[in-house]
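Under our numbering, think of the first position of the sequence shown as 27, with each following residue one higher. Here is the structure we will look at.
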Amino acid sequence: VGEKAGPSIIHYPSPHEKERIVQANKADMGSGEAVQEKTCFEAEVDYYGNDVDGGHEADTAEACQQQCVNQDKCNYFTFEVERKMCWLKNTKIGRRPGKALVSGPRNCSEVMEIRELYEKYESVEKASEAVVSAFKHAWKGYSKFCYGQDELRPVSRGCINQFGMGLTLIDSLDTLHIMGLEEEFKKAREWVKRSFRAKVHKEVSVFETIIRVLGGLLSAYG
Numbered sequence: 027v028g029e030k031a032g033p034s035i036i037h038y039p040s041p042h043e044k045e046r047i048v049q050a051n052k053a054d055m056g057s058g059e060a061v062q063e064k065t066c067f068e069a070e071v072d073y074y075g076n077d078v079d080g081g082h083e084a085d086t087a088e089a090c091q092q093q094c095v096n097q098d099k100c101n102y103f104t105f106e107v108e109r110k111m112c113w114l115k116n117t118k119i120g121r122r123p124g125k126a127l128v129s130g131p132r133n134c135s136e137v138m139e140i141r142e143l144y145e146k147y148e149s150v151e152k153a154s155e156a157v158v159s160a161f162k163h164a165w166k167g168y169s170k171f172c173y174g175q176d177e178l179r180p181v182s183r184g185c186i187n188q189f190g191m192g193l194t195l196i197d198s199l200d201t202l203h204i205m206g207l208e209e210e211f212k213k214a215r216e217w218v219k220r221s222f223r224a225k226v227h228k229e230v231s232v233f234e235t236i237i238r239v240l241g242g243l244l245s246a247y248g
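And the structure:
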C-alpha cells in the first residue's frame, strides 16, 4: 500500500525573487508561464485562520485572490472550486488538506509569513539574532522579578502564580536550549530539580497544564 500523497505545492517564490517575477509578469502577461501569479497557489489545501470577510462568489482562484487584494485586511484566501466561494483571511494559523480547494497569499511575489522579516532584516541570520535578543530581554525581566513564578506582568513587574508550577520557566526550557543559552538552561533545569512541585491543590486548566508543563518537561527531556 503506497503512502497517501500530501497537498501538491505548485510553487512559492522566495522574497528575493520578487523583482524578477514582477518584471517577468510585466513583459509576459497571459503566457501561462511559471512566473504568473497563480504559481504560488496551493491545490487541495485549506488555509485556516481569522476570517476578514467570507462567503463571496468568485469564478476562479485568481478572482478570489483579486478580492483579497481589494480588501485591506486580507492576507490570504481559500477558494472552493466546486461551490465557487471565496474566503478571505487576515491570518493563516495553519494549513490542512481539503478537497477541491485552492489557497494562496494576497501577493504571489511575496511570501507573506516572512514579508516583514525580509523588509526589516538583511538576512535570516540577522533576523534570528534579533529573535534571540528579544527573548533574552523578556527572560531577563522574568528572571529578575518573577523567577520560578508562573508569569510576569511586564508593566507592573508583578507576578502571576495561578498554577504555582513555574509555567514560564518550564515552558521555556526547550527554547533556552535551542537558542544556545546554556547557562540559563542549566539554572532553569536545576530549579525544576529542586523546586518544581506537581501536587498543586487548586483548580487549574488541564489544557494549559498539558501543553506548558507536561509539554515543556517532555521537550527538555534527555
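Ideal placement from N, C-alpha and C gives every residue a C-beta, glycine not left out.
- Just measuring C-alpha positions, the residue of 70, 98 and 122 sitting nearest residue 108 is 70.
- For residue 203, the closest alpha carbon among the candidates 83, 162, 227 and 85 is that of 162.
- Residue 168 and residue 216 have their C-alpha atoms roughly 17 Å apart.
- Residue 202 sits in a helix when the DSSP states are folded into three classes.
- Under the 10 Å beta carbon count, residue 76 is surrounded by fewer than 16 other beta carbons and is classified as exposed.
- Residue environment: residue 198 is assigned as buried (16 or more neighbouring CB atoms within 10 Å of its CB, all protein chains considered).
- By the neighbour-count criterion, in which 16 or more other beta carbons inside 10 Å mark a residue as buried, residue 180 falls on the exposed side.
- Closest in alpha carbon position to residue 66, among 83, 74, 79 and 87, is 87.
- Taking C-beta separations shorter than 8 Å and ignoring five residues to either side along the sequence, the partners of residue 185 in its chain run 171, 172, 175, 176, 177, 178 and 179, following chain order.
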